[in-house]
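To start, the structure itself, in structure tokens.
In our numbering, the protein residues as written are 607 to 859.
Following this line, the structure appears as structure tokens:
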């Protein structure tokens, strides 16, 4: 299928310096390399196509360039990662060669490259606009923690949900699995163009979850269920965990 051609797929990694809980996060050192370079390495290892890092800071730009990765400067005004990657996409692919855009968060240094590959599977269905990922929750604390975003979805296969809602609440009610959303998105280019043109929506504002904008406007999001939750680095404690995982492994996840 066309979406599997690596020349029609681009991986964009947004890297913001302004982090409340971990200032300078993209340049945080892990096993001798900045965190953002570990993420880029995982993206390259996935073999999904061109990898570009979208930055908003000169120091990060220089670090990425030094490591040999493609980098593009974006504005600091963006309210969301999707807005930043869309600006980057227009700059680095003005001819619209890329038909599929994978948005890999810049704070996932231990991400399994196979997880990135899994994010494309839902787009095998031409009716799907956006694909994303989730993992079944096994920790009781996470079932009620508001910082853990849950996917409420209708099962459409052994490892696939059609997303009906995303929430910080414990949902759905009753017996059965709960799923922790992984904030990695794969867009059809046309879907990303539409998404960033839409106004911020009621439920998006209430839950503080931008993916609800797509659902509220009738876009279809399907979810691939994977086995492991990647470590998101948001705090100094998370950074130490990432260092323990990656140090001495040559950067491999």
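Where a beta carbon is used, it is the ideal one built from N, C-alpha and C, also for glycine.
Problem - DSSP state of residue 816 mapped onto helix, strand, coil - result: coil
Problem - Candidates 659, 693, 720: closest to residue 618 by CA position - result: 659
Exercise for the section: Using 7 Å as the cut-off, classify the Cβ of residue 850 as near or not near the heavy atoms of the ligand ADP, replying yes or no. Expected result: No copy of the ligand ADP occurs in the structure displayed, which carries no ligand at all.
Practice task
For residue 741, collect the residues of the same chain with a Cβ closer than 8 Å to its Cβ; drop the 5 residues on either side in sequence, then sort them by chain order.
Solution key: 785, 786, 788, 831, 832, 833, 834, 835
Exercise for the section: Give a yes or no on contact between the region 716-732 and the region 645-657, applying the rule of three or more CB pairs nearer than 8 Å. Expected result: yes
Problem - Secondary structure of residue 631, DSSP reduced to three states - result: helix
Exercise for the section: Quick one: residues in its chain with C-beta nearer than 6 Å to the C-beta of residue 690, no 5 flanking neighbours on either side, listed in chain order? Expected result: 620, 660, 680, 684
Exercise for the section: Counting only the same chain and skipping the five closest in sequence on each side, list residues whose C-beta sits under 8 Å from that of residue 879. Expected result: Residue 879 cannot be examined here, being either before or after the span of the chain that is shown, 607 to 859.
Handout entry: 7 Å CB neighbourhood of residue 573 in its chain, flanking five on each side removed
Key = Residue 573 lies beyond the range of the chain shown here (607 to 859); nothing can be said about it.
Practice task
Could you say which of 700, 824, 775, 849 lies nearest to residue 747 if we only look at CA atoms?
Solution key: 775
Exercise for the section: Determine the direct distance from the alpha carbon of residue 687 to that of residue 739, and round the result to whole angstroms. Expected result: 16 Å
Practice task
Output the distance between the C-alpha atoms of residue 783 and residue 743, rounded to the nearest integer angstrom.
Solution key: 7 Å
Practice task
Output the distance between the C-alpha atoms of residue 824 and residue 801, rounded to the nearest integer angstrom.
Solution key: 11 Å
Practice task
Output the boundary residues of the beta strand (DSSP E) element that contains residue 828.
Solution key: 827-832
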